[in-house]
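Visitor: According to our numbering, the sequence shown is numbered sequentially starting from 16. We put the beta carbon where it would ideally sit given N, CA and C, even for glycine. My structure is below; once you've seen it, I'll send some questions.
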Amino acid sequence: MNAIIIAAGMGTRLRPLTLSTPKPLIKIFEKPMIERNIEFLLEKDLKEIIIVTGYLREQFSYLEEKYPEVKLVHNDKFNEYNNIYSFYLIKDYLEDSYILDGDIYLNRNIFEMNLDKSMYFSKKLNYQNDEWQLILENEKIKEVQIGGKNNYIMSGISFWKKEESIKLKKFVEEYVLSEEKKKNYYWDYIVKENIEKFNVGIYPLKDSDIFEIDNLEELKEIDNSYSDEEVLLEFLKDVPVFKDKKIENINLIGGMTNKNYLITIDGKKYVLRNPGVGTKEMISRDNEAKNAQIISDLNLDAKLIYLNKETGIKISEYIENAETLVPETARNNFREVAEILKKLHNSNIVFDNIFDCFNEMKKYEKLSIKENGKFYDGYKEIKEKVFKLREKLKNFNIELKACHNDTVPENFIKSENKIYLIDWEYSGMNDPMWDLAAHSLECNFSKEEEKEFLNFYFPEEVSKEYILRIQIHKICQDFLWSIWTVLKEAKGVSFGDYGIMRFKRAVKLLGELKDYE
C-alpha cells in the first residue's frame with residue numbers, strides 16, 4: 016500500500032501567500048499542511064508516499080530528507096495542463112493506493128489500513144453547493160454529478176484497491192492523448208465519466224474532519240493567525256522597490272472584483288490591487304502591463320509602481336484628495352469624462368491587443384461551462400441574436416482606437432479638478448463608441464443625459480451611425496457582463512441580481528434596436 020499526493024499546482028486563489036510558497040507548504044498552526052498529512056500516513060505504517068511537485072518544486076526537496084518514505088515526482092507541465100497530467104505521471108505507482116489533494120487539512124487521522132474496497136473519503140453537505148456530488152445506490156457510487164445538495168461530495172482523499180487502480184491507469188493513458196483533456200480535466204473526470212466501470216463506495220467523514228483550503232478566507236477560518244494585512248505585509252517586504260523600507264499601514268478601501276488596499280510606506284501612500292478569484296483566466300495581465308506602460312506618457316492614470324504579470328498584483332501611487340465617481344457624480348462631470356476619453360481615443364497610441372467582445376463572450380462561455388455555470392433562461396436564443404450584431408458592426412468599417420473598455424464611473428477618479436482613468440485590465444484596440452456606450456450604460460444615463468454627455472465628446476452633431484453603434488455596444492456589454500457574472504458565480508463569488516439584471520436589459524435593448532436603425 017502507498018499514498019500519492021498531488022501537489023503541483025500554483026494555488027493562485029491563495030495569493031499573495033503562494034507567490035513564494037507552494038500551497039501544500041503553507042503552514043497551519045506552524046506546520047505545513049502536507050507534513051501533517053504525511054505524518055498521519057506514517058502513523059499508519061505506510062512505507063511509500065509519492066508527491067507530485069510542479070510549481071516551486073525545489074521547496075519540496077527537504078521532504079525526501081526529512082521523511083525517507085517520501086519520493087518526489089516532478090511535473091514540468093504544471094502551468095500548462097490540469098492535474099490529470101500529474102495523475103498520468105504517477106500511473107505506474109498505482110496499487111492499493113491513497114490519493115490526496117495537496118491542499119487539504121485534516122483535523123484528525125482518518126486513514127484506515129484495512130479497507131476492503133475502493134472508497135472516496137467524503138463529508139455530506141445538506142445545503143445547495145457546486146461540489147462534485149457522489150450519488151449512492153446500495154452503498155456503491157452510481158453517479159458523479161456537479162452541484163446538488165444532501166449528498167456526499169468529493170473531499171480530496173480517495174482510496175483505490177489494486178484492481179480499480181489498473182482501470183484508472185488504463186483510462187488515464189487514453190485521456191492524455193487528448194490535448195483538450197490534458198488542459199481542462201481533473202483526474203476525477205475519469206471516474207465521473209466511467210463510474211459504471213468502477214466499484215467504489217463512500218467512507219463517511221464528519222464535516223469537521225477535513226477542510227479544503229482554496230483561498231485566504233478558508234485559511235483564516237481554520238487558523239485565525241492569518242489576516243489580509245499580515246499576508247500583504249510579508250508580500251510587500253519582497254517587492255524590490257520597497258525593500259528595506261518601513262511599511263506603516265495597510266487598510267482595505269474596497270473594490271468590486273478586486274480587493275484594493277491603501278498602504279503607507281516611508282510616509283508615502285500607495286494603492287495595492289489584489290485580483291479577485293478567477294481573474295487570471297479572464298484577463299491578460301501581460302496586455303494590461305504593456306498597455307498601462309504605454310499610456311503612462313499621456314498622464315491619464317496614477318503613476319504605476321509595480322505590476323506582476325503572473326499574479327495581477329498592482330501597486331500605484333495614491334491620488335490625494337481623490338473622489339471616486341459614482342453614477343450620480345458622473346452626471347456633474349460630463350465634460351471632464353468626455354475629454355479624457357477623447358484624449359485617449361485621439362492619441363497615436365496603438366495597443367498590441369484587440370478587445371473583441373464576441374471573442375470575450377466565447378471565452379467566458381467556455382470557462383463557465385468548464386465550471387458548471389448556470390446560464391439564464393433563454394440564453395441560447397439571445398446569444399444567437401447578439402452574435403448577429405457582429406455583421407452589423409462590420410458594415411460600418413470602424414477604425415479601431417486605443418480604448419479602456421471598462422468605463423464604469425468608479426474607474427474615474429477626480430482630484431483637484433483633474434480626472435484620472437484607472438484600471439486598464441480590459442484595455443485594447445476597439446471602437447471608441449464602446450467606451451462612450453459603457454459609461455452611459457453603467458451610469459444609467461437618461462436619453463437627455465446621454466445626449467448632453469455625447470455633445471461634450473463630439474464637436475459637431477452626433478451622427479446616426481455613431482448612435483446606432485453605441486446602442487449595439489450597449490447590448491453587447493450587457494450580454495458580455497452577464498456571462499462574466501455566470502462565470503464569477505460558478506467560482507463562488509455572489510453578485511446578487513447583477514447578472515440577471517444585465518441579461519434582461521440586453522433582451523430589452525435588443526427589442527428597441529430597430530428604433531435606431
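Does the stretch 427–440 come into contact with the stretch 399–410, if we say contact requires no fewer than three beta-carbon pairs (one atom in each stretch) closer than 8 angstroms?
Guide: Contact between the stretch 427–440 and the stretch 399–410 is absent, because fewer than three Cβ pairs lie under 8 angstroms.
Visitor: With 16 other CB atoms within 10 Å as the buried threshold, where does S193 fall?
Guide: Sequence index remark: in the sequence shown, residue 193 carries index 178 (1-based). Flag for S193 reads exposed.
Visitor: Mark F473 as exposed unless 16 or more other C-beta atoms lie within 10 angstroms of its C-beta, in which case mark it buried.
Guide: Within the sequence shown, residue 473 is the residue found at index 458, counting from 1. The residue is exposed, with fewer than 16 neighbouring Cβ atoms inside 10 Å.
Visitor: Here's the rule I'm using: 16 or more other beta-carbon atoms within 10 Å means buried, otherwise exposed. How should V187 be labelled?
Guide: Stepping through the sequence shown from its first residue, residue 187 is reached at position 172. Answer is buried; the Cβ neighbour count reaches 16.
Visitor: What are the boundary residues of the alpha helix (DSSP H) that L359 is part of?
Guide: In the sequence shown, residue 359 corresponds to position 344, counting from 1. Unbroken alpha helix (DSSP H) run through L359: F349 to H360.
Visitor: Helix, strand or coil for N97, going by three-state DSSP, please let me know.
Guide: For the purposes of this step, residue 97 is taken as residue 82 along the sequence shown, with counting starting at 1. The answer is coil: DSSP assigns N97 none of H, G, I, E or B.
Visitor: Relative to the C-alpha of I309, which residue among Y285, V352, S299 and L359 is closest?
Guide: Your numbering for residue 309 matches position 294 in the sequence shown. Among Y285, V352, S299 and L359, the Cα nearest to that of I309 is on L359.
Visitor: May I have a chain-ordered list of the alpha helix (DSSP H) segments no shorter than 4 residues that lie completely inside the stretch 77–140?
Guide: Within the stretch 77–140, the complete alpha helix (DSSP H) runs of at least 4 residues are 77–81 and 98–104.
Visitor: Quick test of the definition: if touching needs 3 or more C-beta pairs under 8 angstroms, does the stretch 452–462 touch the stretch 501–516?
Guide: No: fewer than three Cβ pairs fall under 8 angstroms.
Visitor: Kindly indicate which residue of K284, Y135, I225 and D203 has the alpha-carbon position closest to the one of F174.
Guide: Here residue 174 corresponds to residue number 159 of the sequence shown, with the count starting at 1. For the residues K284, Y135, I225 and D203, the minimum Cα distance to F174 belongs to Y135.
Visitor: Determine the burial state of F44: buried for a count of at least 16 other Cβ atoms within 10 Å of its Cβ, exposed for fewer.
Guide: Reading the sequence shown from its first residue, position 29 is the one you call residue 44. Label assigned to F44: exposed.
Visitor: Please go through the same chain and pick out, in chain order, the residues whose beta-carbon is closer than 8 angstroms to the beta-carbon of M444, but skip the five residues on each side of it.
Guide: Here the question's residue 444 lines up with position 429 in the sequence shown. Around M444: V365, F366, N368, I369, F370, L415, K416, A417 and C418.
Visitor: Given a threshold of 16 other Cβ atoms within 10 Å of its Cβ, counted over all protein chains shown, does S430 qualify as buried or as exposed?
Guide: Counted from its first residue, the sequence shown places residue 430 at position 415. That one is exposed.
Visitor: Report the residue from K466, V477 and E343 whose alpha carbon sits nearest the alpha carbon of E425.
Guide: By 1-based counting over the sequence shown, the position of residue 425 is 410. Nearest of K466, V477 and E343 to E425, Cα basis: E343.
Visitor: Taking a contact to mean a Cβ-Cβ separation below 8 angstroms, would you say Y108 touches F126 in this structure?
Guide: Position 93 of the sequence shown, counting from 1, holds the residue named residue 108. Position 111 of the sequence shown, counting from 1, holds the residue named residue 126. No.
Visitor: So, helix, strand or coil for I298, using DSSP?
Guide: Counting from 1 along the sequence shown, the entry for residue 298 is found at position 283. Coil, per DSSP.
Visitor: In terms of residue numbering, what span does the alpha helix (DSSP H) encompassing L56 cover?
Guide: Locating residue 56 in the sequence shown gives position 41, counting from the first residue. Looking at the DSSP string, the run of the alpha helix (DSSP H) that includes L56 is M48 to E58.
Visitor: Report buried or exposed for E457, applying the criterion of at least 16 other Cβ atoms within 10 angstroms of its Cβ.
Guide: Position 442 of the sequence shown holds residue 457. Result: buried.
Visitor: Going by Cα to Cα distance, which pick from K176, V341 and Y190 is closest to L204?
Guide: As a position in the sequence shown, residue 204 is number 189, starting the count at 1. Contrary to the premise, residue 204 reads as Tyr rather than Leu in this sequence. Cα-wise, what sits closest to Y204 is Y190.
Visitor: So which of P31, A23, D493 and T279 has the shortest CA-CA distance to I99?
Guide: What you label residue 99 is simply residue 84 of the sequence shown in a count that begins at 1. Answer by Cα proximity: A23.
Visitor: For Q492, is the classification buried or exposed, using 16 other Cβ atoms within 10 angstroms of its Cβ as the cut-off for buried?
Guide: Within the sequence shown, the letter at position 477 stands for residue 492. When all chains shown are included, Q492 counts as buried.
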